Amino acid sequence: MPNISISISTILVWCFSLLLINSPSFSAGGTNETDRLALLAIKSQLHDPSGVTSSWNNAINLCQWMGVTCGHRHQRVTELDLSNQRIGGVLSPYVGNLSFLRYINLADNGFHGEIPQEIGNLLRLKKLALPNNSFSGTIPANLSRCSNLIHFLVYNNKLRDKSPKR
Ligand SMILES: *[C@@H]1O[C@H](CO)[C@@H](O)[C@H](O)[C@H]1NC(C)=O
Ligand SMILES: *[C@@H]1O[C@H](CO)[C@@H](O)[C@H](O)[C@H]1NC(C)=O
Ligand SMILES: *[C@@H]1O[C@H](CO)[C@@H](O)[C@H](O)[C@H]1NC(C)=O
Ligand SMILES: *[C@@H]1O[C@H](CO)[C@@H](O)[C@H](O)[C@H]1NC(C)=O
């Protein structure tokens, strides 16, 4: 009965793939500890006079940190919203380790320096909002790797390029 054995093995392969896809360590790398270290590295490069990131400390679970949203299932960081908070400083390349990030909003702050090309590692990223800052340099070519990126806002910065190189 070749047809039946083929379909059973097909189903087994399919189930196994689903298991792998649903395992966060397979699909994106890292754990919530990777996310925690990345956010602390980001915080260390910020100038945050209003203390928005003061909740980013070891006494509080990272999913409760201000501006941070986690996915329910994996408890990995899916959103980072620090918009309109008078935050200055540079955006750490560690942002590229937040591999479950879908949404970044840093609009209306005082970020300067370059947009880290490590953002190109965020393959789930859908929205990247950086307007009204002082980002300089060029838009990183690696952003073209973010194939799910549908909203990309960088107006009112000091960038030389207007669109990502492809
Ligand atoms: C990581 O997730 C585990 C299981 O959900 C949890 O017990 C642990 O506190 C989390 N670690 C951090 C740093 O949030
Ligand atoms: C995270 O990113 C930084 C800089 O981009 C890198 O040095 C580090 O090894 C990465 N991995 C982890 C697990 O933190
Ligand atoms: C950017 O700044 C302009 C002018 O101050 C303001 O009207 C606009 O709402 C700001 N946009 C965002 C997304 O912060
Ligand atoms: C940028 O992308 C290239 C491949 O497209 C890769 O080799 C390089 O490591 C990436 N850089 C960073 C900082 O992720």
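Counted the way mature numbering (1 follows the signal peptide of the UniProt record, and there is no 0) counts, the sequence shown spans residues -27 to -1, 1 to 139.
Each residue gets a CB set at the ideal place from its N, CA and C atoms; glycine is no exception.
Please read these numbers as outputs of a predicted model, since none were measured by experiment.
Evaluate R133 with the Cβ neighbour count: other Cβ atoms within 10 Å of its Cβ, from every protein chain shown; 16 or more gives buried, anything less gives exposed.
Counting C-beta atoms within 10 angstroms of its own C-beta, R133 has fewer than 16 neighbours from the protein chains shown and is therefore classed as exposed.
Using the three-state DSSP reduction, which class does Y76 fall into: helix, strand or coil?
Under the three-state reduction of DSSP output, Y76 falls in the strand class.
Between which two residues does the beta strand (DSSP E) containing D8 stretch?
Note, D8: premise wrong, no beta strand (DSSP E); alpha helix (DSSP H) at 5 to 17.
For G86, the three-state DSSP class (helix, strand or coil):
G86 falls in the strand class under three-state DSSP.
Between G86 and the rest of its own chain, which residues show a CB-CB distance below 6 Å, the 5 nearest in sequence each way excluded?
Its chain contains V63 as the residues whose beta carbon lies nearer than 6 Å to that of G86, once the 5 sequence neighbours on both sides are disregarded; these appear in chain order.
Give me the Cβ distance between Y67 and A11, rounded to the nearest whole Å; I'm assuming they're in contact under 8 Å.
Rounded, the Cβ-Cβ distance is 4 Å, consistent with contact.
Please name the residue in D21, G24, N57 whose C-alpha comes closest to that of N106.
The residue with the shortest Cα to Cα distance from N106 is N57.
S120 (DSSP reduced to helix, strand or coil)
Looking at S120 - three-state DSSP - the assignment turns out to be coil, as it is neither helix nor strand.
If the criterion is Cβ atoms closer than 8 Å, does the pair L116 and I92 meet it?
In this structure, I92 lies closer than 8 Å to L116 by Cβ.
Please report how far the alpha carbon of G69 lies from the alpha carbon of I112, in whole angstroms.
Distance between G69 and I112, taken at the CA atoms: about 15 Å.
Apart from the five residues on each side of it in sequence, which residues of its chain come closer than 6 Å, Cβ to Cβ, to T42?
So the qualifying residues of the chain are T51, E52.
Excluding sequence positions up to five away, which residues of its chain have a Cβ less than 7 Å from the Cβ of G2?
S72.
Considering only C-alpha positions, which residue in the set H124, I15, D8 is nearest to G61?
For the set H124, I15, D8, the Cα lying nearest the Cα of G61 is the one of I15.
Got a sec? Which residues, its chain only, sit under 8 Å from R9 by beta carbon, not counting five neighbours each side?
Closer than 8 Å at the Cβ level, and outside the excluded window around R9, lie L35.
Say yes only if the C-beta of Q90 is nearer than 7 Å to one or more non-hydrogen atoms of ligand 4, and no if none qualify.
Yes, ligand 4 has a heavy atom inside 7 Å of this Cβ.
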